[in-house]
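Here the sequence shown is numbered in this note's numbering, starting from 610 and rising by one per residue.
Accompanying notes for the structure given below.
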Amino acid sequence: MASLLTDPLFEISGEGRPPNMNYYHFIVNKSEVIWRWWKISPRKVDLHSRPGEDRESHQDFLDDFRLQSEVKIVFGHGILTYVKALCHGQYDYLDRMPDPILLQIINNLELEDVGQLIRTSRRFRELCGSEEFWEQAVRRRFNTVSAEVASLALQVGWRRIFFTNKLQLQRMISHQKLKPEEQHGRRVFDHKEEEFPG
610 MASLLTDPLF
620 EISGEGRPPN
630 MNYYHFIVNK
640 SEVIWRWWKI
650 SPRKVDLHSR
660 PGEDRESHQD
670 FLDDFRLQSE
680 VKIVFGHGIL
690 TYVKALCHGQ
700 YDYLDRMPDP
710 ILLQIINNLE
720 LEDVGQLIRT
730 SRRFRELCGS
740 EEFWEQAVRR
750 RFNTVSAEVA
760 SLALQVGWRR
770 IFFTNKLQLQ
780 RMISHQKLKP
790 EEQHGRRVFD
800 HKEEEFPG
């Protein structure tokens, strides 16, 4: 699991909340916390202000209530809480796993559990709504997937295939097969009209 911990553990940047227009960059590495700021002001006094930087160990950051207060003001209480947990060694390994591995894990859940999982984070919502997830779900549900079903999925999406019953699926495939024949018939008919104008 240690291989999942890459530097930086966390990184965020952005402007301060009004009226503060300064720009901030916050990084948490495996060994230290880095807080950088750039003063942005229309005042001439601040025209030649240099960027600032504080570097602290995790323990020093946990003891530095002034810096914690700045982080909270700029990025919010949620970010501060998350960073403090990182500094305490509480890592979210699940969030650091690659998408293909997470998709394999998610596909072993019941559909009701997937519905609950998508409420936990934007990443899980995106993964559970992805074509890769629904393709794996269809392949697991039906054991074998014909070329016709795979072709239909490219048009209507794997999620729709998953929620379509077998009879409707057969109708959709039949309709898909008829489309090229109808188009070919129209082309032949149009061509004959050109040859024999009325």
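Every residue, glycine too, gets a C-beta built ideally from N, C-alpha and C.
*At which residues does the alpha helix (DSSP H) containing residue 683 begin and terminate?*
674 to 684
_From the DSSP secondary-structure annotation, give me the bridge partner or partners of residue 622._
634
_If contacts are defined as beta-carbon pairs under 8 Å, then residue 716 and residue 746 qualify, I think. What distance do you get, rounded to the angstrom?_
6 Å
*Could you give the DSSP three-state label for residue 661: helix, strand or coil?*
strand
*Grab the span of the beta strand (DSSP E) containing residue 723 for me, first residue to last.*
Note, residue 723: premise wrong, no beta strand (DSSP E); alpha helix (DSSP H) at 720 to 726.
_Option in 698, 678, 644 and 685 with minimal Cα separation from residue 668_ = 698
_Where the alpha helix (DSSP H) through residue 710 begins and ends_ = 708 to 715
*Enclosing alpha helix (DSSP H) for residue 770 [first to last residue]*: 767 to 771
*Should residue 633 go down as buried or exposed, given a rule of 16 or more other Cβ atoms within 10 Å for buried?*
buried
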